[in-house]
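Asker:
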Amino acid sequence: MSRASCRSRSRGSSAANASAPRRGSAGRCRQTSARRRAASVPDDFYDKIKARLYRRIGEEISGAQRVVDIGCGGCELARFLAEACEHNVTGVDIKDGAFPDHDGLPKHVRQRLRCIKADGQSLDFLDDGTVDAITAVWAVHEMAEPGAVLAEARRVLRPGGELVIVDFPRDSLAQRLWHEHYYDPREMGRMLERTGFDDVSSRLIERQQVIWAKGLRPSQKEAVR
Ligand SMILES: C[S@@+](CC[C@H](N)C(=O)[O-])C[C@H]1O[C@@H](n2cnc3c(N)ncnc32)[C@H](O)[C@@H]1O
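Heads up, the sequence shown is in the working numbering, so the first residue is 241 and it goes up one at a time.
#1: Buried or exposed: where does glutamate 300 fall if 16 or more other Cβ atoms within 10 Å of its Cβ makes it buried?
#2: Which residues bound the beta strand (DSSP E) around valine 182?
#3: Quick one: is the Cβ of leucine 456 within less than 8 Å of any heavy atom of ligand 1?
#4: How many angstroms separate the CA atom of glutamate 420 from the CA atom of alanine 414?
#5: Going by Cα to Cα distance, which pick from Arg354, Glu427, Ile445 is closest to arginine 296?
#6: Are threonine 435 and glycine 401 close, meaning C-beta to C-beta below 9 Å?
#7: Roughly how many angstroms lie between the CA atoms of glutamine 271 and lysine 357, to the nearest whole one?
#8: Which of helix, strand or coil does DSSP assign to aspartate 439?
#9: In chain order, what residues have a CB nearer than 5 Å to some heavy atom of ligand 1?
#10: Of all the options Ile451, Val308, Pro458, Arg416, which has the alpha carbon lying nearest to the alpha carbon of valine 277?
#11: By Cβ distance below 7 Å, which residues in the same chain neighbour phenylalanine 285 in space, the five residues on each side in sequence not counted?
#12: Output the boundary residues of the beta strand (DSSP E) element that contains isoleucine 374.
#13: Find out if the Cβ-Cβ distance for the pair glycine 369, valine 396 is shorter than 9 Å.
#14: Between arginine 447 and the rest of its own chain, which residues show a CB-CB distance below 8 Å, the 5 nearest in sequence each way excluded?
#15: Rounded to a whole number of angstroms, what is the C-alpha to C-alpha distance between glutamate 323 and arginine 352?
#16: Apart from the five residues just before and just after tyrosine 294, which ones in its own chain have a Cβ nearer than 7 Å to its Cβ?
#17: Spell out the partners DSSP gives leucine 321 in its beta bridges.
#18: Between the Cα of cysteine 355 and the Cα atoms of Ala373, Val307, Pro399, Met383, which residue gives the shortest distance?
#19: Which residues in the same chain have their Cβ closer than 6 Å to the Cβ of serine 459, if we skip the five residues on either side of it in sequence?
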């Protein structure tokens with residue numbers, strides 16, 4: 241993987257591009273068609289798209305130096321960003337059981353990657369406005385207090401810094417496989433807006449089996465929301 245794949249960056253429009261809320265019979269129809277669509281997606285779909293998603297994230301935050309991946313699990317994305325995109329990455333997870341053996345990593349990765357056990361709600365080891373980009377992949381739906389984690393993400397992001405969220409949507413393949421609670425893109429977008437992110441967009445990608453949401457920490461003096 242060359243650094244070139246992390247370069248081209250496309251900014252979405254500022255408008256939230258989300259599906260309509262489900263209500264009444266129209267809502268039920270949408271739900272049924274989403275479930276039907278999910279039924280036609282192979283069970284290993286998420287494994288198959290992982291490399292492409294990682295590249296897409298790398299491209300999205302290509303200008304960033306200091307990156308934090310919240311809910312990093314085994315630090316796979318963090319490692320990719322450190323290695324392929326040359327970001328300085330901190331992976332954060334509430335559990336450290338899947339962290340890689342840091343000493344066993346190649347030196348060039350070791351120098352750019354650290355994994356820290358912490359709750360995303362309190363990133364006390366990071367000062368305000370010191371991070372260029374934050375990612376959270378397949379993690380927000382597992383968070384007990386996602387709003388508190390997003391607020392903390394906003395605190396540590398520099399003005400203009402970007403938050404990128406990738407997650408499973410409701411009525412997707414994930415729902416069929418794992419039966420957890422998932423957000424829909426509109427809810428995810430609203431959560432970002434409520435937390436005070438600007439330029440929020442939230443939409444479905446990858447055969448509508450993935451939420452791709454993003455927002456910026458406001459650059460100007462922030463309005464009280
Ligand atoms: C489904 S895993 C995804 C892991 C990784 N991002 C990946 O793509 O493989 C979700 C992760 O979020 C972590 N998590 C849940 N709540 C958290 C919180 N409040 N702060 C930090 N990590 C959290 C879990 O421990 C888990 O490792």
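We put the CB at the ideal spot given by N, CA and C, even for glycine.
Answerer: Per the coordinate set shown:
#1: Glutamate 300 is buried by the Cβ-count criterion.
#2: Within the shown structure, residues of the chain are numbered from 241 to 465, placing residue 182 beyond reach of any answer.
#3: The answer is no for leucine 456.
#4: Going by the C-alpha atoms only, they are around 8 Å apart.
#5: Proximity to arginine 296 across Arg354, Glu427, Ile445 peaks at Ile445, based on C-alpha coordinates.
#6: Cβ atoms of threonine 435 and glycine 401: not closer than 9 Å.
#7: Whole-angstrom Cα-Cα distance: 37 Å.
#8: Of the three classes helix, strand and coil, the one that applies to aspartate 439 here is strand, per DSSP.
#9: Taking every residue with its beta carbon within less than 5 Å of a heavy atom belonging to ligand 1 gives, in chain order, Gly311, Gly313, Asp333, Ile334, Lys335, Asp359, Gly360, Val377, Trp378, Ala379, Glu382, Met383.
#10: It should be noted that the sequence gives arginine, not valine, for residue 277. Relative to arginine 277, the option among Ile451, Val308, Pro458, Arg416 whose CA is nearest is Arg416.
#11: Cβ within range, chain order: Leu413, Gln449.
#12: In this chain, the beta strand (DSSP E) harbouring isoleucine 374 covers 371–377.
#13: The answer is yes: Cβ separation under 9 Å.
#14: Arg277, Val281, Phe285, listed in sequence order.
#15: Rounded to whole angstroms, glutamate 323 to arginine 352 spans 8 Å at the Cα level.
#16: Excluding sequence positions up to five before and after tyrosine 294, its CB lies within less than 7 Å of the CB of Leu317, Phe320, all in the same chain and listed in chain order.
#17: Answer by DSSP bridge pairing: none, since leucine 321 is not bridged.
#18: Measuring from the Cα of cysteine 355, the nearest candidate turns out to be Val307.
#19: Once the five neighbours on either side are set aside, the close Cβ partners of serine 459 are Pro399, Gly400.
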